[in-house]
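Residue numbers (my numbering): -12 to 274.
Beta carbons: idealized from backbone N, C-alpha and C, even for Gly.
Note that the coordinates shown come from a computational prediction; the quantities given were computed from them, not determined experimentally.
See the structure below:
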């Protein structure tokens, strides 16, 4: 497990308006943009990064309000703004086209990226997340924190409750105390608990922009795949079923015994499926 100090030492900073964003840019070749989920950060990808960066140029960022990046408060957090910041980062790095690999909240950001500029993205792989609003099953704690009570309760969210919520969505692979501690430190960095209710506005946005964000799935502009941990109560089997029913010629890889965080719980399986997917794309392009 990569320690936070080591992780931060690998990264750099990108200034967007009044905000300071933490990002990493490693490797060479076709660019792969990794987009993390809620409520964690780009560290979620640390088990995949060494091997991915041997094959591709890998770019990943702590989204606004997450991890080491700025966490403005009060602030209205919107998925479209997160997508715009990522577009600005790609422009800053001189990247015209890239592949996408996203998880959870990052799935929705990827859907917005595909909706606004479908020709820019060469492929997209989704891990567990709320791709379809009606197939998403948020935890009760998420519903409460997203409600008007959220700003009152968020300051009292501690590591113990956070740990209990994580264990509910984890699969059969043991959740190590070190992983919990790291994820908690990323969330609570710079008083991050206070922005959680504002970040959770994305659940309402998924319903509001359901048609916009579903269209890149029902009319794919590029090769797509879903890798899903089916033991996830939030976006496990319910997502697999919806994806299979609504996406034309769906590519799906299911991970039994794996929960909401496939990239942390079963990184080698995720890598195996992802690299096979990219190899199929390359083979098809060369025919």
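How would you call residue i, buried or exposed, if buried means at least 16 neighbouring beta carbons within 10 angstroms?
{"i": "residue 4", "result": "exposed"}
{"i": "residue 235", "result": "exposed"}
{"i": "residue 55", "result": "buried"}
{"i": "residue 197", "result": "exposed"}
{"i": "residue 143", "result": "exposed"}
{"i": "residue 84", "result": "exposed"}
{"i": "residue 69", "result": "buried"}
{"i": "residue 201", "result": "buried"}
{"i": "residue 169", "result": "buried"}
{"i": "residue 191", "result": "exposed"}
{"i": "residue 116", "result": "buried"}
{"i": "residue 78", "result": "exposed"}
{"i": "residue 99", "result": "buried"}
{"i": "residue 18", "result": "buried"}
{"i": "residue 212", "result": "buried"}
{"i": "residue 159", "result": "exposed"}
{"i": "residue 37", "result": "exposed"}
{"i": "residue -4", "result": "exposed"}
{"i": "residue 203", "result": "buried"}
{"i": "residue 139", "result": "exposed"}
{"i": "residue 161", "result": "exposed"}
{"i": "residue 151", "result": "exposed"}
Report the option in the options whose CA atom is closest to the CA atom of residue i.
{"i": "residue 71", "options": "95, 202 and 90", "result": "95"}
{"i": "residue 216", "options": "226, 210 and 209", "result": "226"}
{"i": "residue 120", "options": "222, 89, 154 and 256", "result": "222"}
{"i": "residue 93", "options": "32, 220, 24 and 109", "result": "24"}
{"i": "residue 237", "options": "166, 10 and 112", "result": "112"}
{"i": "residue 199", "options": "12, 59 and 97", "result": "97"}
{"i": "residue 210", "options": "21, 244, 109 and 248", "result": "109"}
{"i": "residue 49", "options": "128, 90 and 240", "result": "90"}
{"i": "residue 214", "options": "31, 243 and 47", "result": "243"}
{"i": "residue 259", "options": "1, 6, 34 and 29", "result": "34"}
{"i": "residue 60", "options": "232, 40, 105 and 182", "result": "182"}
{"i": "residue 39", "options": "58, 87, 220 and 51", "result": "87"}
{"i": "residue 42", "options": "6, 13 and 9", "result": "13"}
{"i": "residue 30", "options": "18, 44 and 11", "result": "11"}
{"i": "residue 154", "options": "114, 208, 141 and 219", "result": "219"}
{"i": "residue 105", "options": "15, 206 and 141", "result": "206"}
{"i": "residue 261", "options": "65, 160, 171 and 114", "result": "114"}
{"i": "residue 174", "options": "-2, 51, 27 and -11", "result": "27"}
{"i": "residue -10", "options": "16, 228 and 164", "result": "164"}
{"i": "residue 125", "options": "179, 247 and 233", "result": "247"}
{"i": "residue 53", "options": "166, 241 and 22", "result": "22"}
{"i": "residue 195", "options": "2, 172, 67 and 62", "result": "67"}
{"i": "residue 279", "options": "141, 2, 127 and 123", "result": "Nothing about residue 279 can be read from this structure; the chain reaches only from -12 to 274."}
{"i": "residue 172", "options": "161, 156, 82 and 147", "result": "147"}
{"i": "residue 249", "options": "157, 178, 166 and 224", "result": "157"}
{"i": "residue 176", "options": "-1, -12 and 9", "result": "9"}
{"i": "residue 58", "options": "178, 46 and 128", "result": "178"}
May I ask you to report which of helix, strand or coil DSSP gives residue i?
{"i": "residue 92", "result": "helix"}
{"i": "residue -12", "result": "coil"}
{"i": "residue 180", "result": "helix"}
{"i": "residue 217", "result": "coil"}
{"i": "residue 157", "result": "coil"}
{"i": "residue 79", "result": "helix"}
{"i": "residue 240", "result": "strand"}
{"i": "residue 257", "result": "helix"}
{"i": "residue 50", "result": "coil"}
{"i": "residue 279", "result": "Because the chain spans -12 through 274 in this model, residue 279 falls outside it and cannot be assessed."}
{"i": "residue 262", "result": "helix"}
{"i": "residue 73", "result": "helix"}
{"i": "residue 87", "result": "strand"}
Quick one: does residue i have its CB under 8 Å from some CB of chain C?
{"i": "residue -12", "result": "In the displayed structure, chain C is absent; only one protein chain is listed."}
For the region 187 to 213, which segments carrying the alpha helix (DSSP H) assignment without a break, of at least 4 residues, lie completely within its bounds, in sequence order? 189 to 195 and 197 to 205
Going residue by residue through the region 95 to 148, where are the continuous alpha helix (DSSP H) segments of at least 4 residues, counting only ones entirely within it? 127 to 133 and 137 to 140
Curious, which full-length alpha helix (DSSP H) runs of at least 4 residues does the region -10 to 33 contain? -9 to -3
Would you check if the region 178 to 194 and the region 129 to 137 touch, i.e. whether three or more CB-CB distances between them fall below 8 Å? yes
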